[in-house]
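Everything on this sheet refers to the single structure shown next.
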């Protein structure tokens, strides 16, 4: 092991022993008959058979928390067809785990299933989610449409969880450019009230951010100290949502102010700002991004990877700064996988 003393090239790692990997099959999660339902969906996908009827841009009859359940006549298989969520193809990360609450999130099409894992050792997911968050496309999203599914375009490409200041948040981005963000605290409180049988009015969690970046959205980055959410898209640009602050942190207040009026106004954070940073010539679709800190721990730049394997470094605050481009040595063209040439 690399952590053993005296070994050559010791990098200082310590050996960690993990418990046995616990697996939940689809039958464990949804019951008998789940395998047949999923296999039929695979056949329908390969044969390009559409079985869903769309209403307001989403499939009709979806099970959603807070919606009145309609009686469904039919066999157990028909019940499973509604119960088992459909997993979209060719997406980014669709799962997230809260760092503050005992909550697990899984995205399926336009819905986010929220589970409270049970048990200490296995951390198994219950068969029924504690909450299902569902969204519908607005007029802007319907006008933009999708890139992966031209018919049902309001599907999630990526979800991520992180801290925005003191609050933990869940961010989801969609193929029609939609961006939603929820406070994890509101989700946890809703589930706690529901589980305890509270009879008081229990409103569903609603997003505190609902925006659109103009085309299929992919990468997500959240910065706790600077209170930023960054989203990349197939417009070959990154959109940074900088939220207005009632009071600047002391470290931000003491920073040297730029001479440029626009830069100075944005850094004051007196209102919400939407900062669009294009890659420029040679850029392409951006599946993943991260935020680069300065020496004080505040977000200064965005680091983006496009599907050609190029890394881009984008300045958030300095208007008109050209992006810094680092080409992949393999000169990959139109591939997501980065591999060395043979």
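In the working numbering, the protein residues as written are -19 to 322.
Each residue gets a CB set at the ideal place from its N, CA and C atoms; glycine is no exception.
These numbers were taken from a predicted model, which means no experiment stands behind them.
Compute the beta-carbon to beta-carbon distance between residue i and residue j, rounded to the nearest angstrom, for a pair I have assumed lies under 8 Å.
i	j	result
residue 299	residue 261	That belief does not hold up - the Cβ atoms of residue 299 and residue 261 are roughly 19 Å apart, past 8 Å.
residue 77	residue 87	Not quite, the Cβ-Cβ distance comes to about 13 Å (not below 8 Å), so this is no contact.
residue 357	residue 149	Any answer about residue 357 is impossible in this case: the structure gives the chain only from -19 up to 322.
residue 221	residue 184	The Cβ separation is near 23 Å, so there is no contact.
residue 266	residue 286	5 Å
Which residue comes first and which comes last in the beta strand (DSSP E) that contains residue i?
i	result
residue -4	Segment: none, residue -4 is in no beta strand (DSSP E) and carries neither H nor E.
residue 174	From DSSP, residue 174 is part of no beta strand (DSSP E) but of the alpha helix (DSSP H) over 164 to 175.
residue 3	That residue, residue 3, is in no beta strand (DSSP E); it is neither H nor E in DSSP.
residue 203	197 to 203
residue 281	279 to 285
residue 207	Per DSSP, residue 207 belongs to no beta strand (DSSP E) and is neither H nor E.
residue 114	111 to 114
residue 72	No beta strand (DSSP E) contains residue 72, which DSSP labels as neither H nor E.
residue 276	Residue 276 -> no beta strand (DSSP E), and no H or E assigned at all.
residue 217	217 to 222
residue 190	189 to 192
residue 86	84 to 88
Taking the continuous alpha helix (DSSP H) assigned at residue i, which residues delimit it?
i	result
residue 124	119 to 124
residue 14	14 to 26
residue 256	It is not in any alpha helix (DSSP H) - residue 256 instead sits in the beta strand (DSSP E) that spans 253 to 258.
residue 94	No alpha helix (DSSP H) contains residue 94, which is instead part of the beta strand (DSSP E) from 91 to 95.
residue 8	6 to 10
Using CA atoms only, rank isn't needed, just tell me which of the options is closest to residue i.
i	options	result
residue 72	35, 110 and 128	128
residue 70	243, 138, 17 and 38	138
residue 205	186, 81 and 228	228
residue 93	22, 307 and 63	63
residue 225	22, 287 and 248	248
residue 97	91, 90 and 109	109
residue 259	168, 303, 115 and 212	303
residue 5	104, 151 and 36	104
residue 91	80, 119 and 132	132
residue 296	151, 117, 270 and 309	270
residue 140	35, 22, 123 and 83	83
residue 66	43, 175 and 47	43
residue 280	32, 209 and 118	209
residue 38	156, 145 and 143	156
residue 80	277, 22 and 142	142
residue 47	-7, 113 and 193	113
residue 196	147, 173, 125 and 34	125
DSSP state of residue i, grouped into three classes?
i	result
residue 148	strand
residue 78	coil
residue 266	coil
residue 54	Confidence is the limiting factor: at residue 54 the pLDDT is only 45, short of 50, which leaves the residue's position unreliable and the question unanswerable from this model.
residue 307	coil
residue 247	helix
residue 328	Any property of residue 328 remains undetermined from this structure, which presents the chain solely from -19 to 322.
residue 294	strand
residue 302	coil
residue 142	strand
residue 225	coil
residue 63	helix
residue -8	coil
residue -17	In this predicted model, residue -17 has a pLDDT of only 46, less than 50, meaning its place in the structure is not dependable; the value taken from the coordinates is given anyway. Correct three-state label for residue -17: coil.
Would you say the beta carbon of residue i comes nearer than 7 Å to a heavy atom of the ligand MG?
i	result
residue 61	Absent from the structure shown: the ligand MG. Ligands present: none.
Closest Cβ-Cβ distance between residue i and chain D: below 8 Å?
i	result
residue 9	You won't find chain D in this structure, because it holds only one protein chain.
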